[in-house]
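Here the sequence shown is numbered in numbering that gives the first Met the number 0, starting from 0 and rising by one per residue.
Each residue gets a CB set at the ideal place from its N, CA and C atoms; glycine is no exception.
The structure displayed is predicted, hence computed values, not measured ones.
Structure first, commentary second.
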Amino acid sequence: MTSLSRRDFICASAALTALSTVPAVAATGIKTLANGKTEIDLASNTALNSVGGVVELSINKYGKVAVVRTSKSSKGFAVLNLSCPHAGVTVKRNINGWVCPPPRGHGSEFALNGALKVGLATSALKPITFTATKKAVTIA
Ligand code: FES
Numbered sequence: 000m001t002s003l004s005r006r007d008f009i010c011a012s013a014a015l016t017a018l019s020t021v022p023a024v025a026a027t028g029i030k031t032l033a034n035g036k037t038e039i040d041l042a043s044n045t046a047l048n049s050v051g052g053v054v055e056l057s058i059n060k061y062g063k064v065a066v067v068r069t070s071k072s073s074k075g076f077a078v079l080n081l082s083c084p085h086a087g088v089t090v091k092r093n094i095n096g097w098v099c100p101p102p103r104g105h106g107s108e109f110a111l112n113g114a115l116k117v118g119l120a121t122s123a124l125k126p127i128t129f130t131a132t133k134k135a136v137t138i139a
């Protein structure tokens, strides 16, 4: 039996931490507008009050989507398509942002704003067009 060095243990722990996912917060207060856009009421989604807050929802034309609070500005959001750009597996939240979880995914990692951190993927999570006011985020 081989023993694990302290360095190996720390590296293995860091890799496991990166791949560990955290539970998603489902968006509430979702309305489909007459023009087909999706409106997310901010008063109903307190997770978005704080920078770094995230809610997730499904939209027919995109699949799984995340709304991320990126700054305190009333327009400080990102809306991301959670389909991994490598092979389409749905990415999950982890403590550092997003991870494409094994066994279906291949471990790509993305920052909370969708920027690529670690491949196999070669591009960021796809941003989705939106508008924001103090009351709602509206996804095109
Ligand atoms: S599908 Fe995400 S890394 Fe391969």
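Starting from residue i, follow the beta strand (DSSP E) in both directions and report where the run begins and ends.
| i | result |
| --- | --- |
| residue 33 | Looking at the DSSP string, residue 33 is not in any beta strand (DSSP E), and its letter there is neither H nor E. |
| residue 62 | 62-68 |
| residue 138 | 135-138 |
| residue 21 | Taken as a continuous stretch (DSSP letters only), residue 21 belongs to no beta strand (DSSP E), as it is neither H nor E. |
| residue 131 | 129-131 |
| residue 116 | 115-117 |
Residue i by DSSP, collapsed to three states: which one?
| i | result |
| --- | --- |
| residue 56 | strand |
| residue 42 | helix |
| residue 93 | strand |
| residue 80 | strand |
| residue 12 | Low local confidence applies: a pLDDT of 49 at residue 12 is under 50, so the model's placement there is unreliable, and no value is given. |
Quick one: measure Cβ to Cβ for residue i and residue j, integer angstroms, because I've assumed they're closer than 8 Å.
| i | j | result |
| --- | --- | --- |
| residue 84 | residue 122 | 5 Å |
| residue 104 | residue 80 | In fact, because the Cβ distance is near 15 Å, the residues do not count as touching under 8 Å. |
| residue 78 | residue 90 | Their Cβ separation, rounded to whole angstroms, is 14 Å, which puts residue 78 and residue 90 out of contact at 8 Å. |
| residue 76 | residue 131 | 5 Å |
Going by other Cβ atoms of all chains shown within 10 Å of its Cβ, with 16 needed for buried, is residue i buried or exposed?
| i | result |
| --- | --- |
| residue 117 | exposed |
| residue 98 | buried |
| residue 9 | Any reading at residue 9 needs caution, since the residue's pLDDT is 47, under 50, leaving its predicted position unreliable; the model's value is listed next. It is exposed - the Cβ of residue 9 has fewer than 16 other Cβ atoms within 10 Å. |
| residue 127 | buried |
| residue 45 | exposed |
| residue 138 | buried |
| residue 49 | exposed |
| residue 119 | exposed |
Is any heavy atom of the ligand ADP found at a distance shorter than 8 Å from the C-beta of residue i?
| i | result |
| --- | --- |
| residue 92 | The model depicted lacks the ligand ADP and carries the ligand FES instead. |
What are the residues that DSSP puts in a beta bridge with residue i?
| i | result |
| --- | --- |
| residue 98 | 91 and 108 |
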